[in-house]
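Chains as they are written, first to last, in our numbering: chain A, 1 to 279; chain B, 1001 to 1279; chain C, 2001 to 2279; chain D, 3001 to 3279.
Ideal placement from N, C-alpha and C gives every residue a C-beta, glycine not left out.
Everything numeric in this text was worked out from a predicted model, so none of it was measured.
For reference, the structure is listed below as structure tokens.
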């Protein structure tokens, strides 16, 4: 039986790397369906993503490890849907977009559950037969609220956590629990207007373009590796509310675009940046 | 003989404004070729741009002034080319684009002269039969350098001064000498990476989009009213140099786009923002 | 009580038009909230859209008619949601986008019903509490199938009929029943690849951009007035299926964009083209 | 001494290809700087572009040929500027853009000469120290005119011929003389408005987007492999002349974008399509 995998490699660049790696794949009679490489020149780091088909035996991994050395990351991931938990607050626009895509298999993911600190998106979510967890932050310390969230989320063992307009700041503890697994959609270009009410700020500044940024979350708020950015034109006739509405449109598109890349295992994180093999 | 003018009005909004203004135009037998209005709702300020043809007699202006009251700005501008002085430092990309557009009448402007604090763009400029003034900043205080610049520029009596990659900071005194007449092309989105080497910063941050902003210059550096913004996609394979190259492409396009709007008298400045009647 | 209306006028251009029209509005103490005009120069036809607030009395209309003459179109439309019927075949992507926007009041419309010649989108539609009519074309002549459709649709008295991927050709009779009320989303740029399987054609031709076109439907298939067009980049790594998937993304965006303009009464039809007052 | 080359390979896909090819490179101690592969699945054709540095000895080529078999294309191209001849008619916009880019080394090319069937762009060209050949088509048969052109062009032994708004149809004989070497900029999307005055057609159709297409020329007019396509938005206020002006802007951008890819040896031609390794 033929299976499909993605082989992801990060290692120090050296002469003959591709030859050696493909030699191992050949030895185990694996087919290369698609192959991408990139060398980050600032630190001579080699990245490779290979779509392979065949039967990946135990020894393959060990043999690659031996060739590439200890200072390498090697992943062999089955080409299958990623299980995710979605976290929201009150806004529906990213969530409803993801629910529709999930229902019609338009993204390679399974939504295991949705959590929210409000209850207003319950019926939307449940209409699509997805479990909804209302975990209020009221009368809770941030720590105890997050502890409850972590417990619920871990129960689903998700590969990724999607912040689909989750409007609360996460603690370093929460982020460390899901390192490199949390993806956020940010309401603007980064760097950009900082603080509350970014569209009011954009309106006041009279910008002609607004954007959105999807990124991994690390401990510096809004500073994690950028996956995708998109923009829309606006003009003087747009009120701050119009800009917010346009912002929602571009947010849901940018998040879906980023998730497509991530779920397809096309995104490497390196030095607070992403390397993305788009096609 | 029929002439073409643009009537630009800014005044407090009140009922019957358009009726009264068009009544005056009708009385003087002027044709409305194109007409745009906008009311800024935050402060109920009315803006109107009208392309008119006919003969604009003296009294027209007085009569409009009487109807609209003292707290109004009224301009009647002949539809003709704008005389400009272009200021550059060393980079050619915006200047050469403007020289070509000037030669082939692709923008409604006349380049009276080019000034630079370096001499390297002299032959390019003079090949297009435009006077070039090399005014070095070396061995000069900022004030004495600008005094020389102001003297040379004022001699040409320009309607606008185009900073086509002029890389020195202007003093408030210089800016006041040419209030609302200076247009700059900025190497990024605003707000954005601040300080030296923005493309190196963009590269380090791993952005997926870079942009450019054309804006009027006021006394807060990079904070004047935005006229136009545009973007280009970049990715992890782009070095900081690649991003700088792409940045130049989008800079020259964005500057030309902004100038087209300004020279066509489509841009009002209000409250550090622009109101632009694009068509 | 203050109401909001849109006054839409199409008439022969002549001197003093704006003055006269705004004079009538002033007489009836109506406020102009926003105003746009355009003169089509090929045939000197004047178009005007005015957002007005106040109380629109009977006489207003008659007085405008008297001033503008018989060869004019004058509409006074309350600023309210438009009732629509959506027609689909099997694909969900435009329908689900519209159902979500409807649920969250993100477009100024009311979905009265959905009709389809297949039954597969019933549960999606009914989950949003919208009536779904399965009207099969099998074992029916085109005429009898359309007769049934027309009966069902007319029962809802819709202002617009949205072809959200309705994949059957409509007869002139059907189109005449709903003149200037039918809006289609077309799977490509127009003019473009004609006939079946346009994305296969695009793939075979190796295009680098695919697009979508939203347009009114008249009797020449795919030849009605264009409302909106948008594009996405593609490349050699995209299969015909990938292009079809991207095509769906751009289709739903383009349709929503066109509907926003139409429902806001910003779109005039003239000479198989549209005049759109975007803002 | 280290040199830089691009190794371009097209061959039938089979297991172990990358391993074998990189084995040869390793044997000759060549470094892989960047590497891209693609397999066209319709016909299982393998494409590879590799930036290599080192010393490419004679035997390298023979050894690759032996491994890959007769049904393969192998090219080893020094990473150096491409010599081109530019053909124009009367319009300056693409030519002046290329002359500026040439002067400032912004494209990897050398303009050997410009030919035209009119004389009006002579001074522009000669100001940039490029030879200009006025070869009138008047009083010549198409064959004799092209014979003269071919003679002049071949004298410069160009790697590519750029049709930078050359408005005459080329005969199959001319095209065969420069197979896969002629690049054209087309005034529209392809497929698109066919025949004379495309912008008038676009205006009459009321399109909301216009585009441009850069493509290789083969014997079917406007039907050669597409390299790049771009678009600009237009609207009802744009006259046919405005659309033509916007068209020129997008033409010169699209041509420059295509040439950057071609001169960097990133474009393979296969089955009337292009495979482009963008980065």
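Item to complete: Just the chain B side, please: which residues come within less than 7 angstroms of residue 2037(C) by C-beta, in chain order?
Response: Close partners of residue 2037(C) in chain B (Cβ separation under 7 angstroms): 1035.
Next on the checklist: Can you tell me whether residue 2144(C) is buried or exposed? The criterion is at least 16 other CB atoms within 10 Å of its CB, across all chains shown.
Outcome noted: Around the beta carbon of residue 2144(C), a 10 Å sphere encloses fewer than 16 other beta carbons of the protein chains shown; the residue is thus reported as exposed.
Exercise for the section: Report all residues from its chain with a CB closer than 7 angstroms to the CB of residue 211(A); omit the five preceding and five following residues, and keep chain order. Expected result: 188, 189, 229, 230, 231 and 250.
task: For the region 71–97 of chain A, enumerate the residues whose C-beta is nearer than 8 angstroms to any C-beta of chain C, in chain order.
output: For the region 71–97 of chain A, the beta-carbon criterion of a distance under 8 angstroms to any beta-carbon of chain C is satisfied by 92, 93, 96 and 97.
inquiry  = Within a Cβ cutoff of 7 angstroms, which residues of the same chain sit near residue 2096(C), ignoring the five residues on either side of it in sequence?
reply    = These residues qualify, in order along the chain: 2124.
ask   = Per DSSP, which one or two residues make a beta bridge with residue 3045(D)?
value = According to the DSSP secondary-structure assignment, residue 3045(D) is paired through a beta bridge with 3012(D) and 3040(D).
As a quick exercise: from 255(A), 88(A), 37(A) and 204(A), pick the residue whose alpha carbon is nearest that of residue 13(A).
Check the Cα spacing between residue 13(A) and each of 255(A), 88(A), 37(A) and 204(A): the tightest is with 37(A).
For the 8 angstroms Cβ check, are there 3 or more pairs between the region 3044–3055 of chain D and the region 2264–2278 of chain C? These segments do not touch.
Using 8 angstroms as the cut-off, can you tell me whether the region 2134–2143 of chain C makes contact with the region 2065–2074 of chain C, which would need three or more C-beta pairs spanning the two stretches below that distance? At 8 angstroms Cβ cutoff, the stretches do not touch.
Chain A contact residues for residue 2127(C), given Cβ-Cβ distances below 7 angstroms: Near residue 2127(C) (Cβ distances below 7 angstroms), the residues of chain A are 127.
Problem - Contacting residues, own chain, Cβ-Cβ under 7 angstroms from residue 1218(B) (five flanking each side not counted) - result: In chain order, 1175 and 1224 place their CB closer than 7 angstroms to the CB of residue 1218(B), counting only its own chain and leaving out the 5 sequence neighbours on each side.
- Query: Are residue 3172(D) and residue 3085(D) touching if we call contact CB-CB under 8 angstroms?
  - Reply: With respect to the 8 angstroms criterion, residue 3172(D) and residue 3085(D) are not classified as neighbours on the basis of their beta carbons.
| Per-residue contacts from residue 3274(D) into chain C (C-beta, under 7 angstroms) | Result: 2206 and 2236.
Exercise for the section: Would you mind sorting residue 1134(B) into buried or exposed? The rule is 16 or more other CB atoms within 10 Å of its CB. Expected result: Exposed, by the Cβ-count rule.
Query - Limits of the unbroken beta strand (DSSP E) element including residue 87(A) - result: Note, residue 87(A): beta strand (DSSP E), 82–88.
Taking Cβ positions, are residue 6(A) and residue 56(A) nearer each other than 8 angstroms? Not a contact, by the Cβ cut-off of 8 angstroms.
Worksheet entry | Touching by the beta-carbon criterion (3+ pairs, under 8 angstroms), the region 3020–3029 of chain D and the region 10–30 of chain A | Verdict: yes, contact present.
Interface residues of chain A facing residue 1250(B) [CB-CB closer than 7 angstroms]: In chain A, no part has a C-beta under 7 angstroms from the C-beta of residue 1250(B); the shortest such distance is about 12 angstroms.
Alpha helix (DSSP H) containing residue 1262(B): first to last residue? Counting along the chain, the unbroken alpha helix (DSSP H) around residue 1262(B) starts and ends at 1240–1263.
Which listed residue (3093(D), 3114(D) and 3185(D)) has its alpha carbon closest to that of residue 3227(D) = Ranking 3093(D), 3114(D) and 3185(D) by Cα distance to residue 3227(D) puts 3185(D) first.
Original post:
How would you label residue 3265(D), buried or exposed, when you count the other beta carbons within 10 angstroms and need 16 or more for buried?
Top reply: Here residue 3265(D) is buried. Its C-beta has 16 or more other C-beta atoms within 10 Å.
* Cβ shell of residue 2109(C) (< 6 angstroms), same chain only, five flanking positions each side left out -> Contacts found: 2081, 2082, 2084 and 2263.
Would you say residue 1198(B) lies against chain A (beta-carbon separation less than 8 angstroms)? Closer than 8 angstroms: no.
Please report the distance separating the alpha-carbon of residue 1048(B) from that of residue 3049(D). Annotation: residue 1048(B) to residue 3049(D) spans about 57 angstroms, alpha carbon to alpha carbon.
*asked:* List, in chain order, every chain B residue whose beta-carbon is nearer than 7 angstroms to that of residue 2015(C).
replied: Result: 1026 and 1031.
Practice item. Check the Cβ-Cβ distances between residue 19(A) and every residue of chain D, and say whether any is below 8 angstroms. Key: Residue-level contact check: residue 19(A) touches chain D, since one or more beta carbons of chain D fall below 8 angstroms from its beta carbon.
_Suppose the cutoff is 7 angstroms on Cβ atoms and the five residues either side in sequence are ignored; what does the same chain contact list for residue 2258(C) look like?_
Taken in chain order, the residues that qualify are 2183, 2214, 2227 and 2228.
Please confirm whether residue 3177(D) and residue 3209(D) have their CB atoms less than 8 angstroms apart. Going by C-beta atoms, residue 3177(D) is not nearer than 8 angstroms to residue 3209(D).
Under 8 angstroms between beta-carbons, which chain C residues line up against residue 3209(D)? List them in chain order, please. Ordered by position in chain C, the residues that pass the 8 angstroms Cβ test against residue 3209(D) are 2189, 2211, 2229, 2230 and 2231.
Supposed close pair residue 2009(C), residue 2053(C) - CB separation, criterion 8 angstroms: The pair is not a contact, with the Cβ atoms about 17 angstroms apart (cut-off 8 angstroms).
Can you look up residue 3006(D) in the DSSP assignment and give me helix, strand or coil?
Residue 3006(D) falls in the strand class under three-state DSSP.
Residue 1156(B) and residue 1112(B): beta carbons closer than 8 angstroms?
Contact flag set, yes.
Residues near residue 2092(C) in its chain [Cβ-Cβ closer than 7 angstroms; skip 5 each side]
Result list for residue 2092(C): 2121 and 2124, in chain order.
Just to confirm the assignment, what range does the alpha helix (DSSP H) spanning residue 2202(C) have? The continuous alpha helix (DSSP H) containing residue 2202(C) extends over residues 2198–2205.
Next on the checklist: Please tell me whether residue 301(A) has its Cβ less than 8 angstroms away from any Cβ of chain D.
Outcome noted: The shown model of chain A, from 1 to 279, leaves out residue 301(A), and the question about it has no answer.
| said: Distance check for residue 199(A) and residue 243(A), CA to CA, integer angstroms please. | reply: Approximately 6 angstroms between the Cα atoms of the pair.
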